[in-house]
């Protein structure tokens, strides 16, 4: 029975205690050997995608569908003096043009209306045209005449916090709340007892998600016969959270939840930038209501880069002290991060400083800054990627000072319990990650790598901590049809990780039926049940247990029915490979054969995600190792080998799990070496809002990636014993690569991305300071 | 994109007639022109597609050299046997450009005529290059921009093929409404002192029709090295086209041209003089490399290019040393 309980809810690495409706589940752990769970199986939606049949939001075609496009501000901050859309209005094929003067008033996001007279970043929305075709829309945008009065602006996060900085938005503070200060122990004592210390500023860049599929919406406002009283809104949206999207759209549009229907069947990536309905969904919804036809609004690549979100840039002022034998005595980190002009959360950059190592004295300060840049958004392990770069570079600098093996330094500061709370972990195999990763990369051989003229090689590593244990609320149905086929119904969405397939495996395993007999329905708020967004690596660990409980329920019902038919006790029956088998007589009845005896029937199993335990901390762990070659002439860093070891509990589908790691490592290499949103200080504009100048890795930049999983189930985490894997694979990549570069060249790298300029400047600085570098280049000839 | 007319003339006369209209633009592979049009940076009223013109897609031997039509794709240059054996430098330069897909479409002529990639110019700034009166790079994000020959506009010429053609002493055949002319590859590109708004000597209505590669002296060998910020599909941070004629270990002739560092492909006469008559060694290579970047005036964020260009010249010369077996 459902009850209200306080349970730990984890969102993107931050744990909160919240009331939640939960249902207890007491399933026994799966036996040591499972049949379908743990097997590498191909994605069940794979053929659809490969054949081009899979429909993404922008593929949806509805009768009367119109195209909308956005006119964006060329200024980082300006007041619109005058806007004249009459020429655009008169263009044949144009249905409507909205500007701040006539846009319907809705509060789409915490105190923000859709279009304002004050535009606050390069790319801010100025006007939207709704037209018969995308081509007409592009023509119409050019016919809108806007006169701007430019206003003072600030695009640098640290400068934005200055007392004299111009206001990013009129009448509002550039400070995002108060600084978040977290302390443990006594930091000054910690510094006093340390024998060595390093003090450094680490800088990380703004990096854009640049999903293959941009933000996209097809919205259809269907007004009812009695005006808007029984209107409903159907939205095809590229979103990681169909229920968040539904709730936010319903609130903004003044509709009850059952009259907003959000559908996301497939996604070409979200990575955190699509946690609810995007701003374009609210625009499409009000425009559809205004014109009485469905409206399609898809961001182009420029819009995606200017207004689609990014990982906020950080400046991390760090001081770390340790004893002569390498025990950490104090960690202090003061972090500033840019979040852009509008509402955006400050990501938990301080997390890794507090939780990665056992250090008695820690003080972190985290401050978000508004800037005249588009809004930041969570991006795959938000905060942790940035913070791990800082703390893990600092650890290597300490190791360097003390002459201790960096891996040994980490072992000496191992945190067997959560250093933040003192709670024990549900499961933790970090040392195995270190050991396996070290063996595979050849850690002990790191000073004996092959040499070439002009090339330096090195190996570096970084530790990984993340959450991903999932939590309630999440619900599922498992239906067994008369022909024996099984439908799993959930309210999750498949962000692209392959969770469809994993949920089918969970149901097939629990039911004892072949995987081919199972289909999964998800991505539809009208058909499915509340489930968390695909955020925080928690879809599988939240929805998977609900599916398992529902499958167990369906299985129990089925066996009771068959037991009556066969006149045996249900406990004598089991299901193996689609057959109901009597364990006493050996008699077999195929599930698909029941229709003959029972006629039409439907068995409906129901399941909910149980509460999280309050006595343990659920975390996943990992260790990542990179081998790099640094070209001393060109400054190019080539990652030659990468080893990623993860302790994320049970692995449901090794093949798709490995794919997750490939993707995370590749995205991490892009972040480490080349990806960077370039903002022009003097003019406040983004200079590279495209995939020509915003560099993502090419195939030639990607090394061999070796993936290892510990694979030990974590039964205290949830009924699957599985934790999420979406985010962990990116967390330590930049840190590991930077540590490898530092190891290879002897220069300290404190800035991302490590472009040729950064590397050559560092080498030149180092060589003029009498360090290694110059003689190497002479030696290349 | 603004509406435009499209014409695909079958004869050169017809094409040059159509191109007399200053608002017409010649279309080859379209890999630069179409993006420029989509971004509203050029708005031709008519595209004159050159791809039906006869003879512009051929590679023919002429007097020990080769004659390449302007519509030969970069992909063909990269894979053509005659180019690979006789003019390896050019094949290497073509293969360093862009991505396989773009090399399948991009042409020799188009590669020489492409517009600069400076993100202020491409980003719609009213800069010198766009007919305005400022350079935004000087106080801004100039990491990718010029260290040589810049003032007052600091674009770098993006072509990989251009430096290679200058190093090979190629001639470029041009056809305009008033007839045909030849220019040395080196003279094809114009610096910022001559013009702030165009990068070549092409007059209105004039197009590149051919490139002639002369026979190379005996003992000739060359190489093209390009530094990028990722493994492929990037313009040069710096590049070098080096063509030497060696007699034993003695350099008889040398042509060193840098790419990615100046508004034109940047020939380095001082470096060449340091090599000619000398024995090719680590010492002469280092000297020549230092000479190659003499006079460099980096801005706030591109000082790294000085080291980079110098290092690339040294590396290229090292590759051309006889015992390295390059050719």
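Residue numbers (our numbering), protein chains in the order written: chain A, 1 to 781; chain B, 1001 to 1327. A virtual CB, placed ideally from N, CA and C, is assigned to each residue, including glycine.
DSSP three-state assignment for residue i, whether helix, strand or coil
{"i": "residue 1169 of chain B", "result": "coil"}
{"i": "residue 1098 of chain B", "result": "coil"}
{"i": "residue 487 of chain A", "result": "strand"}
{"i": "residue 1037 of chain B", "result": "helix"}
{"i": "residue 775 of chain A", "result": "Note that residue 775 of chain A scores a pLDDT of 37, beneath 50, so its modelled location is shaky; the value from the coordinates is reported in the next line. Note: residue 775 of chain A maps to helix in three-state DSSP."}
{"i": "residue 1233 of chain B", "result": "coil"}
{"i": "residue 692 of chain A", "result": "coil"}
{"i": "residue 701 of chain A", "result": "helix"}
{"i": "residue 49 of chain A", "result": "helix"}
{"i": "residue 1063 of chain B", "result": "coil"}
{"i": "residue 1304 of chain B", "result": "helix"}
{"i": "residue 1120 of chain B", "result": "helix"}
{"i": "residue 306 of chain A", "result": "helix"}
{"i": "residue 66 of chain A", "result": "strand"}
{"i": "residue 461 of chain A", "result": "strand"}
{"i": "residue 730 of chain A", "result": "helix"}
{"i": "residue 450 of chain A", "result": "coil"}
8 Å Cβ cutoff, residue i in contact with chain A
{"i": "residue 1307 of chain B", "result": "yes"}
{"i": "residue 1325 of chain B", "result": "Because residue 1325 of chain B sits at a pLDDT of 48, beneath the cut-off of 50, its placement in the model cannot be relied upon, and the following sentence gives the value as read from the coordinates. Output row for residue 1325 of chain B: interface = no."}
{"i": "residue 1229 of chain B", "result": "yes"}
{"i": "residue 1106 of chain B", "result": "no"}
{"i": "residue 1280 of chain B", "result": "no"}
{"i": "residue 1237 of chain B", "result": "yes"}
{"i": "residue 1143 of chain B", "result": "yes"}
{"i": "residue 1110 of chain B", "result": "no"}
{"i": "residue 1123 of chain B", "result": "yes"}
{"i": "residue 1250 of chain B", "result": "no"}
Listed by chain order, chain B residues near residue i by CB distance under 7 Å
{"i": "residue 635 of chain A", "result": "1304, 1308"}
Opening and closing residue of the beta strand (DSSP E) in which residue i lies
{"i": "residue 535 of chain A", "result": "Where residue 535 of chain A is concerned, there is no enclosing beta strand (DSSP E), given that its DSSP letter is neither H nor E."}
{"i": "residue 247 of chain A", "result": "Residue 247 of chain A -> not in any beta strand (DSSP E); alpha helix (DSSP H) instead, spanning 242 to 253."}
{"i": "residue 639 of chain A", "result": "637 to 647"}
{"i": "residue 284 of chain A", "result": "Residue 284 of chain A -> not in any beta strand (DSSP E); alpha helix (DSSP H) instead, spanning 279 to 291."}
{"i": "residue 202 of chain A", "result": "196 to 204"}
Amino acids of chain C, ordered along the chain, whose beta-carbon sits closer than 8 Å to that of residue i
{"i": "residue 682 of chain A", "result": "The chain inventory of the structure shown lacks chain C, comprising the protein chains A and B."}
Contact set between residue i and chain A, taken where Cβ atoms lie within less than 9 Å
{"i": "residue 1232 of chain B", "result": "698, 699, 700, 701"}
{"i": "residue 1312 of chain B", "result": "633, 634"}
Min CB distance residue i to chain B below 8 Å
{"i": "residue 756 of chain A", "result": "yes"}
{"i": "residue 26 of chain A", "result": "no"}
{"i": "residue 655 of chain A", "result": "no"}
Residues that residue i contacts on chain B, provided the C-beta gap is smaller than 9 Å
{"i": "residue 456 of chain A", "result": "Ordered by position in chain B, no residue passes the 9 Å Cβ test against residue 456 of chain A, which lies about 14 Å from the chain."}
{"i": "residue 764 of chain A", "result": "1303, 1304, 1307"}
Inter-residue CB distance, residue i and residue j (contact presumed, cutoff 8 Å)
{"i": "residue 1237 of chain B", "j": "residue 756 of chain A", "result": "6 Å"}
{"i": "residue 1067 of chain B", "j": "residue 1210 of chain B", "result": "6 Å"}
{"i": "residue 446 of chain A", "j": "residue 458 of chain A", "result": "7 Å"}
{"i": "residue 217 of chain A", "j": "residue 284 of chain A", "result": "4 Å"}
{"i": "residue 634 of chain A", "j": "residue 1174 of chain B", "result": "The pair is not a contact, with the Cβ atoms about 35 Å apart (cut-off 8 Å)."}
Listed by chain order, chain A residues near residue i by CB distance under 8 Å
{"i": "residue 1119 of chain B", "result": "678, 687, 688, 693"}
{"i": "residue 1301 of chain B", "result": "757"}
{"i": "residue 1205 of chain B", "result": "Going along chain A, no residue has its Cβ under 8 Å from residue 1205 of chain B, so there is no contact; the nearest lies around 28 Å."}
Residue i Cβ short of 7 Å to the ligand MN heavy atom set
{"i": "residue 254 of chain A", "result": "As for the ligand MN, it is missing from this structure, which has no ligand bound."}
Contacts that residue i makes with chain B (C-beta to C-beta distance below 8 Å)
{"i": "residue 674 of chain A", "result": "1229, 1230"}
{"i": "residue 761 of chain A", "result": "1303, 1304"}
Residue i - containing alpha helix (DSSP H), residue span
{"i": "residue 188 of chain A", "result": "187 to 193"}
{"i": "residue 659 of chain A", "result": "654 to 673"}
{"i": "residue 389 of chain A", "result": "384 to 402"}
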